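The structure appears below as structure tokens.
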Amino acid sequence: GNSVTQMEGPVTLSEEAFLTINCTYTATGYPSLFWYVQYPGEGLQLLLKATKADDKGSNKGFEATYRKETTSFHLEKGSVQVSDSAVYFCALTSDSNYQLIWGAGTKLIIKP
Amino acid sequence: KAGVTQTPRYLIKTRGQQVTLSCSPISGHRSVSWYQQTPGQGLQFLFEYFSETQRNKGNFPGRFSGRQFSNSRSEMNVSTLELGDSALYLCASSLQAGGFSEQYFGPGTRLTVT
Numbered sequence: 004g005n006s007v008t009q010m011e012g013p014v015t016l017s018e019e020a021f022l023t024i025n026c027t028y029t030a031t032g033y034p035s036l037f038w039y040v041q042y043p044g045e046g047l048q049l050l051l052k053a054t055k056a057d058d059k060g061s062n063k064g065f066e067a068t069y070r071k072e073t074t075s076f077h078l079e080k081g082s083v084q085v086s087d088s089a090v091y092f093c094a095l096t097s098d099s100n101y102q103l104i105w106g107a108g109t110k111l112i113i114k115p
Numbered sequence: 005k006a007g008v009t010q011t012p013r014y015l016i017k018t019r020g021q022q023v024t025l026s027c028s029p030i031s032g033h034r035s036v037s038w039y040q041q042t043p044g045q046g047l048q049f050l051f052e053y054f055s056e057t058q059r060n061k062g063n064f065p066g067r068f069s070g071r072q073f074s075n076s077r078s079e080m081n082v083s084t085l086e087l088g089d090s091a092l093y094l095c096a097s098s099l100q101a102g103g104f105s106e107q108y109f110g111p112g113t114r115l116t117v118t
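Put into structure tokens, the structure is as follows:
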């Protein structure tokens, strides 16, 4: 079945550091890939998405590229801020099961 | 426009009881999905409703059920509660079914079973 694996957290970085959160997937059909973010005390919200191979999703300085050859969708940001501290979830849906499958979530802590 | 609302926000029940949770989607959204979030299992898909029809269901026992009304509001019901049902239950609404379009999440209902 479809699945998503993302790096365990917490990930602790200093402000202005480079961020990578790894996400790999297994899927049948043609998956669409997503990153959702949950800020402290707030609900989940979509950060970015990509719907086909080689697409790059971007938002708020975050980027992720849909790599079919490596079945990956790693999240990156060049310079993180304290306000980026949150839990980040990688997810996929596909035309084989039509439901969002979630990674375990990665807690990101940015220290000033 | 108003976001997704869920009621109640917190609930304490005892084993064997049943519970009903409510979700009001964003106006114009016809898809409502329900998720269970726990520290151990993470986010798990329960079911999705679109235009009053259950479109998809996750791997949960039949004690978990739901419905959607003509105004797109949705309810989920859990019967014969077990301790393991303690979780944050999230509702999300979207324009399209199947998870392909952006899902807008409510704040969740925190259910504690004692």
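Note that the protein sequences, when read in sequence, are chains A and B. Residue numbers 4 to 115, in my numbering, belong to the letters of the first sequence in order. Residue numbers 5 to 118, in my numbering, belong to the letters of the second sequence in order. Don't be surprised by glycine CBs; every beta carbon is placed ideally from N, CA and C. Please read all numbers here as calculations on a predicted model, not as lab measurements.
Helix, strand or coil at residue i according to DSSP, with G and I counted as helix
| i | result |
| --- | --- |
| A:V85 | helix |
| A:L111 | strand |
| B:G88 | helix |
| B:F104 | coil |
| B:R59 | strand |
| A:G32 | coil |
| B:Y53 | strand |
| A:K63 | coil |
| B:V23 | strand |
From the options, residue whose alpha carbon lies closest to that of residue i
| i | options | result |
| --- | --- | --- |
| B:L85 | B:P12, B:F104, B:Q10, B:I16 | B:I16 |
| B:V82 | B:G103, B:R67, B:Y93, B:F73 | B:R67 |
| B:C27 | B:G70, B:N63, B:T18 | B:G70 |
| A:D98 | A:E19, A:T74, A:Y33 | A:Y33 |
| B:F54 | B:F64, B:Q41, B:P29, B:G44 | B:P29 |
| A:V90 | A:T74, A:E45, A:N62 | A:E45 |
| A:T23 | A:D87, A:G4, A:N5, A:T96 | A:D87 |
| A:E11 | A:K114, A:T109, A:I113, A:P115 | A:T109 |
Range of the contiguous beta strand (DSSP E) that encloses residue i
| i | result |
| --- | --- |
| B:R114 | 113-117 |
| A:F37 | 35-41 |
| A:E18 | Run containing A:E18: none; DSSP gives neither H nor E here. |
| A:V7 | 6-9 |
| A:T54 | Run containing A:T54: none; DSSP gives neither H nor E here. |
| B:V82 | 78-82 |
| B:I16 | 14-17 |
| B:F73 | Note, B:F73: premise wrong, no beta strand (DSSP E); not H, not E. |
Whole-Å CB distance - residue i paired with residue j, under 8 Å assumed
| i | j | result |
| --- | --- | --- |
| A:L49 | A:A67 | Not confirmed; about 12 Å, so no contact. |
| A:Q102 | B:G103 | 6 Å |
| B:V36 | B:S76 | 7 Å |
| A:K80 | A:G64 | 5 Å |
Heavy atom of the ligand SAM within 8 Å of residue i beta-carbon
| i | result |
| --- | --- |
| B:T113 | Annotation note on the ligand SAM: not contained in the displayed structure, which lists no ligands. |
Closer than 9 Å to chain D by CB, residue i
| i | result |
| --- | --- |
| B:G32 | Protein chains in the displayed structure are A and B, and chain D is not among them. |
In chain order, what residues of the region 87-109 of chain B put their CB closer than 9 Å to some CB of chain A? From the region 87-109 of chain B, only L94, A96, A101, G102, G103, F104, E106, Q107, Y108, F109 have a Cβ closer than 9 Å to chain A.
To be precise: take each residue of the region 45-66 of chain A, compare its Cβ to all Cβ atoms of chain B, and keep it if any distance is under 9 Å. Which residues remain? Residues are counted here when their Cβ sits less than 9 Å from a Cβ of chain B; for the region 45-66 of chain A these are E45, G46, L47, Q48, L49, K52, T54, given in chain order.
Contacting positions in the region 41-54 of chain B - beta carbon closer than 8 Å to chain A: Of all residues in the region 41-54 of chain B, only G46, L47, Q48, F49, E52 place a beta-carbon less than 8 Å from a beta-carbon of chain A.
Of all the residues that make up the region 16-38 of chain A, which are near chain B by a beta-carbon distance shorter than 9 Å? Answer set for the region 16-38 of chain A: S35, F37.
Relative to chain A, which residues along the region 57-74 of chain B have a C-beta separation below 8 Å, given in chain order? Answer in chain order: R59, N60, G62.
Going along the chain, which residues of the region 5-32 of chain B sit with their C-beta nearer than 7 Å to a C-beta in chain A? Within the region 5-32 of chain B, no residue qualifies.
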